[in-house]
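Novice:
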Amino acid sequence: MKTKITNISKIYSWNTELDILDIKSNQEVLIENNKIVKITSKVIDDVDNTIDAEQSILTPGFIDSHTHPIFIGNRADEFKMRLEGKSYQDIKQEGGGILSSIRALRKASFEQLYLSSLENINPFIKYGTTTLEAKSGYGLSLNDEIKSLKVIRKINDDLDIDIIPTFLGAHAVPNEYSADKYVDIICNEMIPQIAEEKLAIFCDVFCEEGYFNIQQSRKILNTAKSYSLVPRLHSDEFKYFGASELASEVGAASSDHLMMINNNGIKALSKSNTVATLLPGTTFFLNKKTYANGRKLIDNQCQVALASDFNPGTCTIRSLSNIMLLAVQNCGLTLDEAFLGVTYNAAKSLLKSDEIGLIEEGYNADIVLWNTKSLNEIIYWYDSEYTKINKIIKNGNLI
Ligand SMILES: [Zn+2]
Numbered sequence: 268m269k270t271k272i273t274n275i276s277k278i279y280s281w282n283t284e285l286d287i288l289d290i291k292s293n294q295e296v297l298i299e300n301n302k303i304v305k306i307t308s309k310v311i312d313d314v315d316n317t318i319d320a321e322q323s324i325l326t327p328g329f330i331d332s333h334t335h336p337i338f339i340g341n342r343a344d345e346f347k348m349r350l351e352g353k354s355y356q357d358i359k360q361e362g363g364g365i366l367s368s369i370r371a372l373r374k375a376s377f378e379q380l381y382l383s384s385l386e387n388i389n390p391f392i393k394y395g396t397t398t399l400e401a402k403s404g405y406g407l408s409l410n411d412e413i414k415s416l417k418v419i420r421k422i423n424d425d426l427d428i429d430i431i432p433t434f435l436g437a438h439a440v441p442n443e444y445s446a447d448k449y450v451d452i453i454c455n456e457m458i459p460q461i462a463e464e465k466l467a468i469f470c471d472v473f474c475e476e477g478y479f480n481i482q483q484s485r486k487i488l489n490t491a492k493s494y495s496l497v498p499r500l501h502s503d504e505f506k507y508f509g510a511s512e513l514a515s516e517v518g519a520a521s522s523d524h525l526m527m528i529n530n531n532g533i534k535a536l537s538k539s540n541t542v543a544t545l546l547p548g549t550t551f552f553l554n555k556k557t558y559a560n561g562r563k564l565i566d567n568q569c570q571v572a573l574a575s576d577f578n579p580g581t582c583t584i585r586s587l588s589n590i591m592l593l594a595v596q597n598c599g600l601t602l603d604e605a606f607l608g609v610t611y612n613a614a615k616s617l618l619k620s621d622e623i624g625l626i627e628e629g630y631n632a633d634i635v636l637w638n639t640k641s642l643n644e645i646i647y648w649y650d651s652e653y654t655k656i657n658k659i660i661k662n663g664n665l666i
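Using my numbering, read the sequence shown as starting at 268 and increasing by one per residue.
#1: Taking only runs that begin and end inside the region 317-364, name each unbroken beta strand (DSSP E) of 3 or more residues, in chain order.
#2: Under the rule that 16 or more other beta-carbon atoms within 10 Å means buried, what is N489, buried or exposed?
#3: Hey, is K302 close to ligand 1, as in C-beta under 8 Å from one of its heavy atoms?
#4: Do Q379 and I428 have their C-beta atoms within less than 9 Å of each other?
#5: DSSP on E299, reduced to helix/strand/coil?
#6: Enumerate, from N- to C-terminal direction, the unbroken beta strand (DSSP E) stretches of 3 or more residues contained entirely within the region 607-651.
#7: Around the C-beta of M268, are 16 or more other C-beta atoms found within 10 angstroms, so that it is buried, or is it exposed?
#8: List the endpoints of the continuous beta strand (DSSP E) containing F473.
#9: Name, in chain order, the residues that DSSP records as bridge partners for I533.
#10: For L546, is the beta carbon positioned less than 8 Å from some heavy atom of ligand 1?
#11: Can you list, in chain order, the stretches of the beta strand (DSSP E) that have 3 or more residues and sit fully within the region 376-415?
#12: Apply the 10 Å Cβ neighbour rule to K284 and answer buried if 16 or more other Cβ atoms are within range, or exposed otherwise.
#13: Going by CA-CA distance only, name the one from N300, I358, W281 that's closest to L602.
#14: In whole angstroms, what is the alpha-carbon distance linking T610 and S415?
#15: Report yes if the C-beta of N387 is less than 8 Å from at least one heavy atom of ligand 1; otherwise report no.
#16: Any contact between the region 441-450 and the region 385-400? By contact I mean 3 or more CB pairs, one from each, below 8 Å.
#17: If you draw a straight line from the C-alpha of D621 to the C-alpha of N631, how long is it?
#18: To the nearest angstrom, how far is the alpha carbon of K658 from that of F479?
#19: According to DSSP, is R373 helix, strand or coil?
#20: Counting Cβ pairs closer than 8 Å, one from the region 472-487 and one from the region 449-461, do we hit at least three?
#21: Apply the 10 Å Cβ neighbour rule to F469 and answer buried if 16 or more other Cβ atoms are within range, or exposed otherwise.
#22: At 4 residues or longer, and completely inside the region 533-585: list those alpha helix (DSSP H) runs for me, N to C.
#23: Within 8 Å: the Cβ of K486 and any heavy atom of ligand 1?
#24: With DSSP as the reference, label P459 as helix, strand or coil.
#25: Check whether the region 357-364 touches the region 318-330, taking contact to mean three or more Cβ pairs, one atom from each stretch, closer than 8 Å.
#26: Are I528 and L564 closer than 9 Å when you measure CB to CB?
#27: Are there any heavy atoms of ligand 1 lying less than 8 Å away from the beta-carbon of K555, as far as the coordinates show?
#28: Looking only at DSSP bridge pairs, what is P498 linked to?
#29: Within the present structure, is the beta-carbon of D576 separated from the nearest heavy atom of ligand 1 by less than 8 Å?
#30: When we look at the beta-carbon of I290 and count the other beta-carbons within 10 Å, is it buried (16 or more) or exposed?
#31: What separation, rounded to the nearest whole angstrom, lies between the Cα atoms of K661 and K506?
#32: Out of F346, I337, N387, state which residue places its alpha-carbon closest to the alpha-carbon of F377.
#33: Give me the Cα-Cα distance between R342 and I365, rounded to the nearest whole angstrom.
#34: How should T581 be labelled, buried or exposed, when 16 other C-beta atoms within 10 angstroms of its C-beta is the threshold for buried?
#35: Ordered along the chain, which non-local residues of its own chain (more than five positions away) have a Cβ less than 6 Å from that of Q568?
#36: So is the beta-carbon of K402 under 8 Å away from any non-hydrogen atom of ligand 1?
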């Protein structure tokens, strides 16, 4: 089946050779077998189906490379406690925070968790996200982590967008174990079974003081690699901890957060293929003043992506346009760099940059048609995005 998109105002993509924004005008796009096969200024004939862009601009479908949507209930009460002066760490110490999400998830049946997670994920589509990385990590037992990953698999089967699964058993240490004992369970029981059932592509660790130290994180990620799971890391969020050096050492696909990264960490990332992923929505939602210094990372040749970090405790933002706005205002990124961060660089962090993240011949036909005149307007209208989206094409089909 051949489909063409016609009546396009502009196509925005990234020129990977020159490393600059690529803008094409007066082109038609031919899609065949879910792929973009031709972009041309000539009129394309002999098609089965025509999509009228109605003078929309086109961008690649947005890619959210860091989310925690597999949970049940919410933590609005904790949000109130934080407004009253308690920190995320204080709340956790009192048995709230992530521990309350864990209690709720363990009690939930597969069906209940599926329905709740589906409700969490569905709205991402309205904001133009066509690929979503989703982490487990609110189960923290073999059965509950597997339940979470199977929910991700079912949602991936049921929704039009692609959901990429990450095992985050090392999100926190559950109350019933010491950290070392729990690390053994992750390495000896969880990772082997998850790998055998092919339930995850990536393995992530929350590498922070009070969670998993460098040695424990290294052990988990090296075990994951031996089972063909690709490492990624939560790094240098609350204080500098050396997690980005570890990310580079183990060949992680991504090192995420980075508010407290120092020069050594930046050096390690710049010399590696590890993408530096900024999550400014979390800084905003936690009402902290220190954002990750994206400008410094980019000026030091790091590859920078942006993601939402959607989760029940520290960020409920799903719109990547909103995240782009926060990044240009607070992390020192230009508009073009923010666009790169939610498209091609996000694809790199998911090891899919030869399939998604560009509007190029040979790439998946994941395309958003926006009712705007320029890329700037996507950020300008950051919170009314879905009213500005004309159509979304995922794997060649209108969704
Ligand atoms: Zn996270």
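By construction, the Cβ of each residue, glycine as well, lies at the ideal position given by its N, Cα and C atoms.
As the structure is a computational prediction, the values presented were derived from the model and not from experiment.
Specialist: A quick look at the data gives this:
#1: The beta strand (DSSP E) runs of length 3 or more contained entirely in the region 317-364 are, from start to end of the chain, 324-327, 329-331.
#2: Looking at its Cβ environment, which holds fewer than 16 other Cβ atoms inside 10 Å, N489 is exposed.
#3: Proximity of the beta carbon of K302 to ligand 1 is not indicated: no heavy atom of the ligand is located closer than 8 Å.
#4: Pairing Q379 with I428 gives a Cβ-Cβ distance that is not under 9 Å.
#5: Note: E299 maps to strand in three-state DSSP.
#6: Runs found: 634-637.
#7: By the beta-carbon neighbour count (other beta carbons within 10 angstroms, threshold 16), M268 is exposed.
#8: Here the beta strand (DSSP E) through F473 covers 469-474.
#9: Paired residue(s): none; I533 is not in a bridge.
#10: Yes, ligand 1 has a heavy atom inside 8 Å of this Cβ.
#11: List check, beta strand (DSSP E) in window: 396-402.
#12: Checking the sequence shown, residue 284 turns out to be Glu, not Lys. E284 is exposed by the Cβ-count criterion.
#13: Of the candidates N300, I358, W281, W281 places its Cα closest to the Cα of L602.
#14: Those two C-alpha atoms are separated by around 27 Å.
#15: Flag unset: Cβ of N387 not near ligand 1.
#16: Because the criterion of three Cβ pairs below 8 Å is not met, the region 441-450 and the region 385-400 do not touch.
#17: Spanning the alpha carbons of D621 and N631 requires a straight line of approximately 9 Å.
#18: Cα-Cα distance, rounded: 43 Å.
#19: Here R373 sits in helix by DSSP.
#20: The way I'd put it, the region 472-487 does touch the region 449-461; three or more beta-carbon pairs between them come closer than 8 Å.
#21: With 16 or more Cβ atoms within 10 Å of its Cβ, F469 is classed as buried.
#22: Complete alpha helix (DSSP H) runs here, min 4: 547-552, 561-566.
#23: With a cut-off of 8 Å, the C-beta of K486 is classified as distant from ligand 1, since no heavy atom of the ligand falls inside that distance.
#24: DSSP places P459 in helix when its eight states are reduced to three.
#25: By the Cβ rule, the region 357-364 does not count as touching the region 318-330, because fewer than three pairs are nearer than 8 Å.
#26: Here I528 is near L564, since their CB atoms are less than 9 Å apart.
#27: Not one heavy atom of ligand 1 sits closer than 8 Å to the Cβ of K555.
#28: P498 is bridged by DSSP to C470.
#29: Checking the Cβ of D576 against ligand 1 gives yes.
#30: Result: exposed.
#31: Our two residues, K661 and K506, have alpha carbons roughly 39 Å apart in a direct line.
#32: Cα-wise, what sits closest to F377 is I337.
#33: Between the C-alpha atoms of R342 and I365 there is a straight-line separation of about 9 Å.
#34: T581 counts as buried, since no fewer than 16 other beta carbons sit within 10 angstroms of its beta carbon.
#35: Cβ neighbours of Q568 beyond the five flanking positions: S537.
#36: Yes, the Cβ of K402 comes within 8 Å of a heavy atom of ligand 1.
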